[in-house]
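**Q** This is the structure I want to talk about, given as structure tokens.
There are 4 protein chains.
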Amino acid sequence: MISLAVIGYGYWGPNLVRNFMQVDHAHIRAVCDASAERRAAAEKIYPGVITLADPTDVFADPEIDAVVIATPVGSHFELGMRALEAGKHVLIEKPIASSVAEAEALVAEADRRGLVLMVDHTFIYTSAVRKMHELVESGELGELYYYDSVRVNLGLFQSDVSVIWDLAVHDLSIMDRLFGASPCRVSATGMAHVPGEPVNIAYLTCSFVDTRIAHFHVNWLAPVKVRQTMLCGSEKMVVFDDIDMSEKVKVYDKGVVMSSSPQNTLQRHVGYRTGDMWAPRLDNVEALAVEAEHFVDCIINSKTPITDGHAGLRIVRILEAASASLGSNGAPVEL
Amino acid sequence: MISLAVIGYGYWGPNLVRNFMQVDHAHIRAVCDASAERRAAAEKIYPGVITLADPTDVFADPEIDAVVIATPVGSHFELGMRALEAGKHVLIEKPIASSVAEAEALVAEADRRGLVLMVDHTFIYTSAVRKMHELVESGELGELYYYDSVRVNLGLFQSDVSVIWDLAVHDLSIMDRLFGASPCRVSATGMAHVPGEPVNIAYLTCSFVDTRIAHFHVNWLAPVKVRQTMLCGSEKMVVFDDIDMSEKVKVYDKGVVMSSSPQNTLQRHVGYRTGDMWAPRLDNVEALAVEAEHFVDCIINSKTPITDGHAGLRIVRILEAASASLGSNGAPVEL
Amino acid sequence: MISLAVIGYGYWGPNLVRNFMQVDHAHIRAVCDASAERRAAAEKIYPGVITLADPTDVFADPEIDAVVIATPVGSHFELGMRALEAGKHVLIEKPIASSVAEAEALVAEADRRGLVLMVDHTFIYTSAVRKMHELVESGELGELYYYDSVRVNLGLFQSDVSVIWDLAVHDLSIMDRLFGASPCRVSATGMAHVPGEPVNIAYLTCSFVDTRIAHFHVNWLAPVKVRQTMLCGSEKMVVFDDIDMSEKVKVYDKGVVMSSSPQNTLQRHVGYRTGDMWAPRLDNVEALAVEAEHFVDCIINSKTPITDGHAGLRIVRILEAASASLGSNGAPVEL
Amino acid sequence: MISLAVIGYGYWGPNLVRNFMQVDHAHIRAVCDASAERRAAAEKIYPGVITLADPTDVFADPEIDAVVIATPVGSHFELGMRALEAGKHVLIEKPIASSVAEAEALVAEADRRGLVLMVDHTFIYTSAVRKMHELVESGELGELYYYDSVRVNLGLFQSDVSVIWDLAVHDLSIMDRLFGASPCRVSATGMAHVPGEPVNIAYLTCSFVDTRIAHFHVNWLAPVKVRQTMLCGSEKMVVFDDIDMSEKVKVYDKGVVMSSSPQNTLQRHVGYRTGDMWAPRLDNVEALAVEAEHFVDCIINSKTPITDGHAGLRIVRILEAASASLGSNGAPVEL
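What follows is the structure, given as structure tokens:
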């Protein structure tokens, strides 16, 4: 039985607690939050859980095997490092840390101690992304060409981070999972339209050593809500529309065909092929439930999480490069 | 009565001829195309029209007042310049020329001779863009924040030009019209996925001296057809969906609101306001009919076309800069 | 302070309790359900509330002013009548009773005792229907022509009632509110495709003494979910799409126009007029919260509920006639 | 080589001529229309075709093998009968005639003379309906449960026929093709909202000897255009959306499942099964081209057309019954 503590019971923490409560071979021992009101909320729903105000008490509790950190990004590194130093397995909300240096230190510490370090890239555990990963792995899409995502709506401005660190992290983690490769170059443009507030609209391009390309549009100031991703391969193309309640993932049997006359290879022609469309049925399982179970399974069976510390680090590396590019008018940053 | 000749009777030429046929105070005197088959097609529908194989005969005909050029981009400059030198008013299909130098020469020649030089940026004459321009001019949208367009589908590869010169020219011309300003910086990323073929997916960002930003996604290799533009202002936001047959332009009464407590200006909060949506009725007039009438009106009444040579030049300047940026991994190009 | 008891804590009861909990000048004194498990669920969330197994204890409690009945349809009459006889105000889930005779008896009893009798036609209190009612009342739609609704999806079969009593009751209550008139004739067709199960697809037509007409398609066996209503007037037409998350109500400035030449009135022509579309912003309030407040307000201030017993009776009258028509191959039933 | 004449060169005639022009082993010999203007229009495009003002000249021409009739409904019978009597094969626009008696007479005459009599139920030849027919025939859908279609928009009122004879004929012909069965009972409701004009909104139900049911909503006075059909079977369900440009036909692997505990068959439960969705690629062929070829093939090879006179008669029989039911307040009419 794995004993867990959740630090941070604000927006996301309650979802984590609720899902971990249902995992076999695990139980929530403690919930930690500086706010008395939030601790009371946790106590009301989960009378058996200890509530603590100070994370130090979490790290000091020898009964606790693993710590789940759902606090603002700025505190991820310190809390994560202290948890690892106390010998706890750690799951950190996305992004794993606020800089590459911090993320690298966390990864190194977890590796040194043989502890599980996992980042909460929730989308990776959705049935839609799992299905897309399955399609990529099966080779059905052919050679991958591009990843294009749009994540925009009229959303709350974050006071501490730009729209890139807030929203693009989702799409970067999906791209990282599906491409299984890290970009060699990142460029980003964007703008802060509200004086004194962070960048609210941004465009990122990731280039790779091969011909793959990935692009991300993230935006807090759009009149309509769009959550659409296109994943294009040489054989098939996928559209993932997260707003479509009935058919989130559509697979198009479409592609490019080359025709060239044997006499005159100069006059070859690029045409296209268009076949059926297919929307696979998706599991109706909550992503966080899958993820919580995976974390516990990794601890018990000494497995490496799909979204381990290295995955978290890869994304922070892109975010940091994108911020740098954004700061220099979109000049590409080599990785 | 203005006498016109149309050079080029391939894909677009027949549309031009058909529309000019219906303009008052104008008539099509000649259609010129090197292909005998195409000339025969024109003769069949319009028995009264002279058909010519060689543009030289067009330029030499003293009866012809104006020339409409609908040939491949590579020939725009030469044909346009010869027409101007022969004292003809000129309308050239988009883009006006294949380089800034060429476009500048055309503009200078037309100015020197006092001839009308117009570029066929058709979208400017659609009822949707005219309505959007009206909304911008009325001040209803407030301060403009950004222009974002997506123009993607499974389309025919052009053998001679990249997807930027083929598709982005449409959106750049709309942006130019609505912003009434030229970018100070352009960056572009993209990729050619089919060996030996031009770039088939590209992303452009235009920056301005103020906080406006414009972004363009153009793509010949997408599973679904998208033609969507967002124009966001401080007071209202517009979505222009060219695929929506019934409501192409939607105006959202949405925006950002700042709230700050008098005691603590640091704790101000960015929220948003959301009101009605409104889809104005659009005229059911063919854009090309409006444009043809405008060209004739400019000739007769010595007016400057909305899409004059300068407009054509401004777009070519962006296209050239975008191509340069694309060639240097997205490094921004100052204008 | 009005003291309430909720009888039935199954699917809908918890929603009622949650909403009444937030109404000023009212409190939930007791929750009654035969199931120990359900009572335990209520106790866990609301420690201050009395839980009872037997409705008799509810009726016997002199502290209780009003009773909310959320049990299966078959028990509405008996429980409602006993509550009224005990001098309690009553709110009954839809449909108010399982026959016209029962509904009439409830209405008569409430009238005789001067008690508030209300039926939970929840949709009447949604912001969408309230907006539509406002549009009708303002005269903006002109003379009403028809009401057409489609409510279909792959839904759970009810074991006790047909799809008409399960689903059409929603749309009939909306129509009743918007038309402010009762049909003079009802016909219905339908089919039970699963042997031994109730009718799963049905079509109802309501005719009125004037030229209005209302039609309802309800269906438990459809591949896609549709919740669409058209309300057509001589001046404007409304589409209410309950699945559209962003613009549920759209008002179309469209209509019929007659043109006739003075010489020949026989050759008059019916054309149409098409103008702007407008999607009014809707309140973001839960319908049940509005309804709960309204019930309490009616009790305290001796008002007649919008959805009073008579409204409940009118709907049951249509349902009963529809069932009769369905049983005689669609033969119209006069009311 | 089959020689054809087309009578009626108004709205639909030109489409028929254009398509028959491209059929192998056939040629259009004559176009007949009372209007000189229309004859001139035909002459301009097809200089080789004879134009005639009087149908008598068509019937008298021994060179003409077959006659295509595209005139108003009221003249179908007379022209069709005269053509048959002159020994011509006949294709008549939908509906085949304006009464059952007329349609029966045409069918009898064609049968007696061994001539091909075909009705232009165009939709039957669309790639969408052909694909749906293929799905039905393959048994993939299981036992058919219902056919439901909605065909509404803001359309032109026909001065001579009700919306049923104008629009429902399309959907009835599709249903007839897919069900392969004729209804035993028809009921219809509707209303004429514009004084002096025909019924503009109507609802038809067709019942069959088994549990199948078909329903049709046709409407000239709707704010939005809807062309949606659901075809539901025990194994799979199909949605045919004729407005969707990219995926007109969607096949849902959804259905009902029965579960019953062996101890208690009374407590069996109706649940449902939901699987993948699949949108088959459809041919990009014009329906009228397929139909024209089929007519010529039937003549040359003495085949029976898919939409023969009997099919035309079956639809008129339903239309006549529906009109009768409409005239008696929706009372069902037995067939």
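Protein chains in written order, with our numbering: chain A, 1 to 335; chain B, 1 to 335; chain C, 1 to 335; chain D, 1 to 335. All C-beta atoms, glycine included, are put in the ideal place defined by N, C-alpha and C.
If we cut at 8 Å on Cβ distances, does residue 246 (chain A) have a partner in chain B?
**A** Not an interface residue.
**Q** Are the region 170-188 of chain B and the region 197-211 of chain B in contact at 8 Å, needing three or more beta carbon pairs?
**A** yes
**Q** By alpha-carbon positions, which one of D:98, D:81 and D:181 ends up nearest to residue 91 (chain D)?
**A** D:81
**Q** So, is the C-beta of residue 17 (chain C) closer than 8 Å to a C-beta in chain A?
**A** no
**Q** Return helix, strand or coil for residue 27 (chain C), following the three-state DSSP convention.
**A** strand
**Q** Does any CB atom of chain D fall closer than 8 Å to the CB of residue 305 (chain C)?
**A** no
**Q** Nearest to residue 296 (chain B) by alpha carbon, out of B:272, B:161 and B:66?
**A** B:66
**Q** Are the beta-carbon atoms of residue 16 (chain B) and residue 70 (chain B) separated by less than 8 Å?
**A** yes
**Q** According to the Cβ coordinates, are residue 107 (chain A) and residue 313 (chain A) closer than 8 Å?
**A** yes
**Q** Should residue 285 (chain A) and residue 149 (chain A) be called a contact, given that it needs their Cβ atoms to be closer than 8 Å?
**A** Residue 285 (chain A) is not a Cβ neighbour of residue 149 (chain A), given a cutoff of 8 Å.
**Q** Is it the case that the region 270-277 of chain B contacts the region 131-139 of chain B, given that we only count it when at least three CB pairs across the two stretches are under 8 Å?
**A** The region 131-139 of chain B, when compared against the region 270-277 of chain B, does not touch it at the 8 Å Cβ threshold.
**Q** Whole angstroms is fine: what's the gap from residue 95 (chain A)'s alpha carbon to residue 194 (chain B)'s?
**A** 36 Å
**Q** Can you tell me the Cα-Cα spacing of residue 283 (chain C) and residue 125 (chain C), whole angstroms?
**A** 11 Å
**Q** Restricting to Cα atoms, I'd like to know which of C:308, C:251 and C:288 is closest to residue 280 (chain C).
**A** C:251
**Q** Give me the residue from B:93, B:162 and B:41 with the minimum Cα distance to residue 200 (chain B).
**A** B:162
**Q** Which residue from C:305, C:327 and C:216 puts its Cα closest to that of residue 152 (chain C)?
**A** C:216
**Q** Does chain A have any CB closer than 8 Å to the CB of residue 229 (chain D)?
**A** no
**Q** Answer yes or no: does any C-beta atom of chain C fall closer than 8 Å to that of residue 225 (chain D)?
**A** no
**Q** Looking at the secondary structure, which residues open and close the beta strand (DSSP E) in which residue 225 (chain A) lies?
**A** 221-233
**Q** How many angstroms separate the CA atom of residue 97 (chain C) from the CA atom of residue 86 (chain C)?
**A** 19 Å
**Q** Out of curiosity, what's the CA-to-CA distance linking residue 35 (chain B) and residue 53 (chain B)?
**A** 7 Å
**Q** Between the region 150-172 of chain D and chain C, which residues of the former have CB atoms less than 7 Å from a CB of the latter, in chain order?
**A** 154 and 157
**Q** Does residue 222 (chain C) come within less than 8 Å of chain D when only Cβ atoms are used?
**A** yes
**Q** Taking the DSSP output, what are the residues bridged to residue 120 (chain B)?
**A** B:93
**Q** Rounded to whole angstroms, what's the CA-CA distance from residue 140 (chain C) to residue 11 (chain A)? Just pull it up for me.
**A** In this model, residue 140 (chain C) and residue 11 (chain A) are separated by some 44 Å (Cα to Cα).
**Q** Out of D:272, D:197 and D:174, state which residue places its alpha-carbon closest to the alpha-carbon of residue 231 (chain D).
**A** D:174
**Q** On the three-state DSSP scale, how would you describe residue 237 (chain B)?
**A** strand
**Q** For a contact meaning CB atoms closer than 9 Å, what does residue 237 (chain B) contact in chain A?
**A** By Cβ distance, chain A contributes 154, 221, 222, 223 and 224.
**Q** Taking a Cβ distance cut-off of 7 Å, strictly less, list which residues of the region 273-290 of chain D are near chain A, in chain order.
**A** When C-beta distances to chain A are compared with 7 Å, the residues of the region 273-290 of chain D below that value are 274, 275, 276, 277, 278, 279, 280 and 281, in chain order.
**Q** Give, in chain order, every residue of the region 52-68 of chain D whose Cβ lies closer than 7 Å to some Cβ of chain C.
**A** For the region 52-68 of chain D, which is checked against every Cβ of chain C, not one residue is closer than 7 Å.
**Q** Within this structure, are the beta carbons of residue 79 (chain A) and residue 62 (chain A) separated by less than 8 Å?
**A** no
**Q** Compute the Euclidean distance between the alpha carbons of residue 156 (chain B) and residue 288 (chain B), then round it to the nearest angstrom.
**A** 23 Å
**Q** Is the CB of residue 174 (chain C) under 8 Å away from at least one CB in chain D?
**A** Not closer than 8 Å to any Cβ of chain D, the Cβ of residue 174 (chain C) fails to qualify, so no.
**Q** Please give the ranges of any alpha helix (DSSP H) in the region 154-181 of chain A, keeping only runs that are unbroken, at least 4 residues long and fully inside the region.
**A** 169-179
**Q** Tell me whether residue 243 (chain A) is buried or exposed, calling it buried when 16 or more other Cβ atoms sit within 10 Å of its Cβ.
**A** Around the beta-carbon of residue 243 (chain A), fewer than 16 other beta-carbon atoms lie within 10 Å, marking it exposed.
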